[in-house]
């Protein structure tokens with residue numbers, strides 16, 4: 001996916017989850033952060049950031065902060081981007097769902113409700129309907145990425161509902177979109193969210209497919225490019 005009207009700026013501060021102060025063309029401006037997670041290891045003072053200008057004149061903030069450069073690596077932090085990237089990549093066959101050939105997919109829709117949860121993608125083949133729940137990953141230490149960066153009861157709820165959907169006859173998938181390059185493996189940050197870790201282990205035993213894809217990232221683009229190994233037994237330690 002590509003962001004129109006992308007600009008390079010410098011991060012200054014984050015007064016709350018939704019707003020950041022950035023320096024654009026030597027002017028301090030308030031921007032909307034498209035991720036309510038902590039991102040403390042990413043959004044450090046003076047790191048380069050990518051801002052996308054909104055075409056809505058009624059908005060309080062004129063720009064969205066969608067990516068930041070940590071060292072030599074750009075990390076996309078737009079929490080809505082993984083859904084679009086995965087949807088497009090499943091359609092083109094770049095993301096391959098285990099047990100389903102791309103040519104056999106008859107329909108593909110976004111945000112479809114099952115019971116009390118809304119899954120990111122619903123699709124069907126002649127044999128079986130399927131759900132795909134997506135999780136964006138922005139936390140990493142070297143070539144190892146981890147999810148989540150903060151405890152998330154919402155993710156545990158989605159995983160539990162995937163298990164019920166699998167039992168009801170749907171094919172189900174939990175897909176991690178790693179919003180950076182240079183990642184060879186992804187794990188669940190067990191110490192950060194032990195309930196989610198237990199839920200994902202149960203989902204795997206119940207037949208829910210787990211898959212992950214790394215991305216090529218620039219200030220203006222995010223594209224899934226390669227499958228990444230999921231290792232649930234791999235411990236994770238944050239960069240201090």
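Numbering (the UniProt record's numbering), first residue to last: 1 to 240.
Glycine residues also receive a C-beta, built at the ideal position from the N, C-alpha and C atoms.
Bear in mind that the values here come from a model prediction, so they are computed numbers and not experimental data.
Option in 123, 117 and 102 with minimal Cα separation from residue 110: It is 123 whose Cα lies nearest to the Cα of residue 110.
In DSSP terms, what residue 220 is bridged to: None; residue 220 has no bridge partner.
Short Cβ contact (8 Å threshold) for residue 130 with residue 139: The criterion of a C-beta distance shorter than 8 Å is not satisfied by residue 130 and residue 139.
When 91, 161, 112 and 132 are compared against residue 199, the one with the closest alpha-carbon: Nearest C-alpha to residue 199: 161.
contact_flag[the region 50-69, the region 86-95] where n(CB pairs < 8 Å) is 3 or more: Contact between the region 50-69 and the region 86-95 is absent, because fewer than three Cβ pairs lie under 8 Å.
8 Å contact criterion, which residue 222 and residue 179 should meet: CB distance rounded: At roughly 7 Å, the Cβ-Cβ gap stays under 8 Å, so residue 222 and residue 179 are in contact.
As assigned by DSSP and simplified to three states, the class of residue 25: In the structure shown, the three-state DSSP call for residue 25 is coil.
CA nearest to the CA of residue 141, picked from 21, 189, 225 and 193: Nearest of 21, 189, 225 and 193 to residue 141, Cα basis: 189.
Distance between residue 37 and residue 149 (C-alpha atoms, nearest Å): Cα to Cα, the separation comes out at about 7 Å.
Rounded straight-line distance, which links the Cα of residue 81 to that of residue 60: Taking the CA atoms as reference points, residue 60 sits about 22 Å from residue 81.
N-terminal and C-terminal residue of the alpha helix (DSSP H) that residue 196 is part of: Note, residue 196: alpha helix (DSSP H), 194-206.
Residue from 176, 194, 219 and 193 whose Cα sits closest to the Cα of residue 186: Nearest neighbour of residue 186 by Cα position, chosen from 176, 194, 219 and 193, turns out to be 176.
Secondary structure of residue 76, DSSP reduced to three states: In the structure shown, residue 76 sits in a strand (DSSP, three-state: E or B).
Same chain only: Cβ atoms within 8 Å of residue 99, ignoring 5 sequence neighbours per side: So the qualifying residues of the chain are 171 and 209.
Rounded C-alpha distance that separates residue 127 from residue 104: Going from the Cα of residue 127 to the Cα of residue 104 covers about 9 Å.
Reference residue 118; option with closest CA among 159, 43, 85 and 71: Here the closest residue by C-alpha is 159.
Classification of residue 14 by the beta-carbon crowding that lies within 10 angstroms, buried from 16 upward: Of the other Cβ atoms in all chains shown, 16 or more fall within 10 Å of the Cβ of residue 14; this residue is therefore buried.
Contact check, residue 143 vs residue 183, beta carbons under 8 Å: Residue 183 is positioned such that its CB atom lies closer than 8 Å to that of residue 143.
Beta-carbon proximity of residue 47 to residue 18, cut-off 8 Å: With a cutoff of 8 Å on beta-carbon distance, residue 47 and residue 18 are scored as not near each other.
For residue 141, the three-state DSSP class (helix, strand or coil): Strand.
Residues of its chain near residue 84, where Cβ-Cβ distance is below 7 Å and the 5 sequence neighbours each way are ignored: Excluding residues within five positions, the ones whose Cβ falls inside 7 Å are 1.
Cβ neighbours of residue 237 in the same chain (closer than 8 Å, five flanking residues each side left out): Hits under 8 Å: 141.
Exposed unless 16 or more other CB atoms sit within 10 angstroms - verdict on residue 116: Classified as exposed, residue 116 has fewer than 16 neighbouring CB atoms from the shown chains inside 10 Å of its CB.
Paired residues, beta bridge with residue 107 - DSSP: Answer by DSSP bridge pairing, in chain order: 124.
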